[in-house]
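Novice: Quick one: structure below, then a few questions.
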């Protein structure tokens with residue numbers, strides 16, 4: 001389910017003398033992928049949210065009492081230390097004196113403050129309206145539902161049925177793994193949706209409801225192909241995945257779901273699916289991770305670099321920032337020979353990010369296995385001019401691996417004329433198993449969908465209003481903005497098209513002025529039709545200008561992920577749909 005634009009959200013969190021974070025702030029958005037070097041503070045931030053989840057449960061069930069915070073008294077809630085996921089002994093930064101506090105700002109302007117000392121944890125609500133004196137007043141001022149996935153581990157070899165109350169009370173604790181079968185035995189109402197989610201994200205795996213034996217032991221069978229096995233014997237990775245999906249499924253009505261290092265036990269192919277599953281669930285997302293697979297799946301603007309030596313987190317702005325995050329994690333995200341050997345199908349694309357964007361579109365079309373990158377590896381080709389070298393490169397890799405490779409290639413159209421495109425396409429089809437040249441200038445042009453951009457901006461404005469910001473509607477449509485911003489790009493684009501046209505037709509029957517006139521007429525005719533202009537304009541540059549305009553005018557971010565999510569199926573260009581179906585067929589093709 002998707003949350004409405006007016007849903008209450010946690011918009012920021014600030015730390016004061018809390019563990020390794022002396023003074024630190026984190027601004028939150030819809031999706032937040034925390035990453036950074038080891039011991040950078042990611043788990044400390046997640047731990048604070050775990051404590052907040054405990055405190056929220058307390059505040060919803062009883063009235064506040066007079067508590068002491070520092071040298072003053074106020075109304076708040078004493079949180080039972082035994083329920084906290086952290087130790088109070090070392091909560092202060094370097095054991096220094098002073099207030100240890102974590103403050104959470106909510107989109108309605110209210111705040112929640114967690115105060116810590118060596119003996120207690122106190123939750124103090126701060127509202128812009130009347131003081132809180134009852135559980136009902138707290139729920140009204142803080143309509144937050146926080147879901148924090150506990151530390152997960154393998155399921156029990158033999159699980160005796162636990163009482164329903166015991167299972168429910170342990171859902172947010174490390175004991176949840178021990179009660180996994182018991183949970184679905186007691187709460188089977190939504191099991192079908194859970195089983196469908198498992199089947200759609202882990203091909204050929206079908207989970208069945210737990211059954212109870214006479215000795216009160218539970219068994220939960222999983223069908224893989226034609227083989228039924230008990231869950232314990234399927235493997236740790238699948239067990240963890242089932243538990244993750246259970247917690248995500250349960251959190252569909254929550255305001256925020258928090259997941260800490262979900263990559264443990266998970267295969268890279270499954271890690272790549274995770275963000276898509278979380279996005280579809282509905283709540284805002286916090287994921288703390290070291291996984292380069294998860295980082296590569298995230299939109300650049302979703303990635304948050306955490307470094308406790310600084311005063312605040314840093315949200316990445318572009319692909320260069322993603323590479324910086326990869327470097328911090330000790331990876332250049334280069335494809336490995338092992339991945340090629342496993343898949344034996346390689347798709348050459350113009351740049352490292354192209355295939356990530358294609359997989360986003362595949363997810364939108366429901367091509368889930370392609371969206372997860374199953375069965376195919378992607379490699380950068382270095383651009384349109386590399387087509388003649390691809391076969392030789394692939395042959396060298398094939399010899400290194402000692403096995404046959406199926407080869408595909410996808411290229412930007414750039415400014416090449418129709419005749420040259422047809423000529424190259426004929427050669428590609430003769431040499432490769434699958435080939436495609438975009439009908440648009442470059443892959444970013446497929447993000448220039450005015451209706452989808454309108455929806456992204458409208459939602460962003462609505463989100464800002466929900467935070468109390470006084471902001472009006474957009475003063476022009478996305479199409480109007482795109483056309484206005486692209487006007488200054490015309491001359492350079494036309495010159496490049498005309499130049500390539502003349503070069504390809506060199507030596508033909510027509511003289512150069514005639515060729516120039518033909519090419520110019522063709523280009524201008526297309527440019528003057530709005531839909532055609534968006535196909536031939538430099539898409540990457542226009543999208544950059546559009547994002548800059550929207551950010552400066554409305555303080556709204558327009559990410560690739562938001563655009564793709566906003567696209568309706570009938571708005572996706574037919575050639576893009578054809579391409580994605582072609583890649584999906586290629587990744588399933590048999591390799592001899």
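Residue numbers (UniProt numbering): 1 to 592.
Note that beta-carbon positions come from the ideal geometry of N, C-alpha and C, so glycine has one too.
(1) Tell me the rounded alpha-carbon separation between residue 535 and residue 502.
(2) With the cut-off set at 8 Å, would you say residue 476 and residue 539 are in Cβ contact?
(3) Would you say residue 207 lies against chain D (beta-carbon separation less than 8 Å)?
(4) Find out if the Cβ-Cβ distance for the pair residue 103, residue 251 is shorter than 8 Å.
(5) Should the region 167 to 187 be regarded as contacting the region 149 to 156, the criterion being three or more beta carbon pairs within less than 8 Å?
(6) Name the residue from 433, 77, 479, 144 whose alpha carbon lies nearest to the alpha carbon of residue 108.
(7) Taking the alpha-carbon positions, what's the residue 587 to residue 226 distance?
(8) Taking 8 Å as the cut-off, decide whether the C-beta atoms of residue 344 and residue 428 are in contact.
(9) Verify whether the separation of the beta carbon atoms of residue 286 and residue 305 is less than 8 Å.
(10) Taking the DSSP output, what are the residues bridged to residue 410?
(11) In or out: residue 36 buried (at least 16 other Cβ within 10 Å) or exposed?
(12) Give the DSSP bridge partners of residue 72, in chain order.
(13) Could you tell me if residue 412 is buried or exposed, where buried requires 16 or more neighbouring beta carbons within 10 angstroms of its beta carbon?
(14) Could you round the C-beta distance between residue 271 and residue 261 to whole angstroms and report it? I think they count as a contact, below 8 Å.
(15) Where does residue 174 sit, in a helix, a strand or coil, going by DSSP?
(16) Is the separation between the beta-carbon of residue 21 and that of residue 112 shorter than 8 Å?
(17) With three or more beta-carbon pairs closer than 8 Å as the criterion, would you say the region 454 to 464 touches the region 548 to 560?
(18) Nearest CA to the CA of residue 198: which residue from 244, 232, 186?
(19) Go ahead and label residue 17 buried or exposed: buried means 16 or more other beta carbons lie within 10 angstroms of its beta carbon, across all protein chains shown.
(20) For a quick check, are the C-beta atoms of residue 161 and residue 212 less than 8 Å apart?
(21) What is the C-beta distance between residue 13 and residue 77, in whole angstroms, given that I count them as a contact (C-beta under 8 Å)?
(22) Taking contact to mean 3 or more Cβ pairs, one atom from each stretch, closer than 8 Å, check whether the region 125 to 132 and the region 23 to 43 are in contact.
(23) Taking the C-alpha atoms as reference points, what is the distance between residue 229 and residue 432?
(24) What does the Cβ neighbour count give for residue 350, buried or exposed, with the cut at 16 atoms within 10 Å?
(25) Under 8 Å, do residue 546 and residue 482 count as touching if we go by C-beta distance?
(26) Do you know offhand how far residue 240's Cα is from residue 296's?
(27) Less than 7 Å between the CB of residue 273 and some heavy atom of the ligand NAP, yes or no?
(28) How would you call residue 436, buried or exposed, if buried means at least 16 neighbouring beta carbons within 10 angstroms?
(29) State the beta-bridge partners of residue 29 as determined by DSSP.
(30) Taking buried to mean at least 16 other C-beta atoms within 10 Å of its own C-beta, is residue 100 buried or exposed?
(31) Considering only the beta carbon of each residue, do residue 543 and residue 361 sit closer than 8 Å?
(32) So residue 124 is in the beta strand (DSSP E); what residue range does that whole segment cover?
(33) Can you find the residues in the same chain that come closer than 8 Å, C-beta to C-beta, to residue 364, ignoring five residues on each side of it along the sequence?
(34) In the DSSP output, what is residue 15 paired with across the bridge?
(35) Bridge partners of residue 35, per DSSP?
(36) Throw me the rounded Cβ distance for the residue 415 and residue 353 pair, which I believe falls under 8 Å.
Specialist: Let me lay it out:
(1) As a working mapping, residue 535 is identified with position 535 in the chain shown. As a working mapping, residue 502 is identified with position 502 in the chain shown. So the alpha carbons of these two residues sit roughly 21 Å apart.
(2) Mapped onto the chain shown, residue 476 falls at position 476. Mapped onto the chain shown, residue 539 falls at position 539. In this structure, residue 539 does not lie closer than 8 Å to residue 476 by Cβ.
(3) As a matter of chain content, chain D is missing from the structure shown, which is built from one protein chain.
(4) Along the chain shown, read from residue 1 onward, the residue named residue 103 stands at position 103. Along the chain shown, read from residue 1 onward, the residue named residue 251 stands at position 251. The answer is no: Cβ separation not under 8 Å.
(5) yes
(6) Sequence index remark: in the chain shown, residue 108 carries index 108 (1-based). Closest by alpha carbon: 144.
(7) For the purposes of this step, residue 587 is taken as residue 587 along the chain shown, with counting starting at 1. For the purposes of this step, residue 226 is taken as residue 226 along the chain shown, with counting starting at 1. Roughly 23 Å between the two C-alpha positions.
(8) Working through the chain shown from its first residue, we reach residue 344 at position 344. Working through the chain shown from its first residue, we reach residue 428 at position 428. No, these two residues do not count as a Cβ contact at 8 Å.
(9) As a position in the chain shown, residue 286 is number 286, starting the count at 1. As a position in the chain shown, residue 305 is number 305, starting the count at 1. No, they are not a contact pair.
(10) As a working note, residue 410 is residue 410 in the chain shown. 436, per the DSSP bridge assignment.
(11) Translated into positions along the chain shown, residue 36 becomes position 36. So residue 36 ends up on the buried side.
(12) For the purposes of this step, residue 72 is taken as residue 72 along the chain shown, with counting starting at 1. Paired residues: 69.
(13) By 1-based counting over the chain shown, the position of residue 412 is 412. Label assigned to residue 412: buried.
(14) Your numbering for residue 271 matches position 271 in the chain shown. Your numbering for residue 261 matches position 261 in the chain shown. So it is not a contact: roughly 11 Å between Cβ atoms.
(15) Taking the first residue of the chain shown as position 1, residue 174 is located at position 174. The answer is helix: DSSP assigns residue 174 an H, G or I state.
(16) As a first step, residue 21 is located in the chain shown; it is residue number 21 there, counting from the start. As a first step, residue 112 is located in the chain shown; it is residue number 112 there, counting from the start. For residue 21 and residue 112, no; Cβs fall outside 8 Å.
(17) yes
(18) In the chain shown, the residue the question calls residue 198 occupies position 198. Ranking 244, 232, 186 by Cα distance to residue 198 puts 244 first.
(19) Along the chain shown, read from residue 1 onward, the residue named residue 17 stands at position 17. The residue is buried, with at least 16 neighbouring Cβ atoms inside 10 Å.
(20) Mapped onto the chain shown, residue 161 falls at position 161. Mapped onto the chain shown, residue 212 falls at position 212. Contact: yes.
(21) Taking the first residue of the chain shown as 1, we reach residue 13 at position 13. Taking the first residue of the chain shown as 1, we reach residue 77 at position 77. So it is not a contact: roughly 18 Å between Cβ atoms.
(22) no
(23) Here the question's residue 229 lines up with position 229 in the chain shown. Here the question's residue 432 lines up with position 432 in the chain shown. In a straight line, the C-alpha of residue 229 is about 41 Å away from that of residue 432.
(24) Within the chain shown, the letter at position 350 stands for residue 350. Residue 350 comes out buried.
(25) Here residue 546 refers to the residue found at position 546 of the chain shown. Here residue 482 refers to the residue found at position 482 of the chain shown. Against a cut-off of 8 Å, the Cβ pair of residue 482 and residue 546 comes out as a contact.
(26) The residue given as residue 240 occupies position 240 in the chain shown. The residue given as residue 296 occupies position 296 in the chain shown. Using only the alpha carbons, I get a separation of about 21 Å.
(27) Ligands displayed in this structure: none; no statement on the ligand NAP is therefore possible.
(28) One-based indexing of the chain shown puts residue 436 at position 436. It is buried - the Cβ of residue 436 has at least 16 other Cβ atoms within 10 Å.
(29) Reading the chain shown from its first residue, position 29 is the one you call residue 29. According to DSSP, residue 29 bridges with nothing at all.
(30) Against the chain shown, residue 100 aligns to sequence position 100. Buried, because 16 or more other Cβ atoms sit within 10 Å of the Cβ of residue 100.
(31) What you label residue 543 is simply residue 543 of the chain shown in a count that begins at 1. What you label residue 361 is simply residue 361 of the chain shown in a count that begins at 1. The answer is no: Cβ separation not under 8 Å.
(32) What you label residue 124 is simply residue 124 of the chain shown in a count that begins at 1. It spans 121 to 126 - the beta strand (DSSP E) in which residue 124 sits, taken as one unbroken run.
(33) Translated into positions along the chain shown, residue 364 becomes position 364. Excluding sequence neighbours, residue 364 sits near 564, 565, 567, 569, 572.
(34) For this step, residue 15 is matched to residue 15 along the chain shown. The partner list for residue 15 (beta bridge, DSSP) reads 24, 102.
(35) Taking the chain shown and counting its residues from 1, one reaches residue 35 at position 35. 305.
(36) Your numbering for residue 415 matches position 415 in the chain shown. Your numbering for residue 353 matches position 353 in the chain shown. Not really, about 21 Å apart at Cβ, beyond 8 Å.
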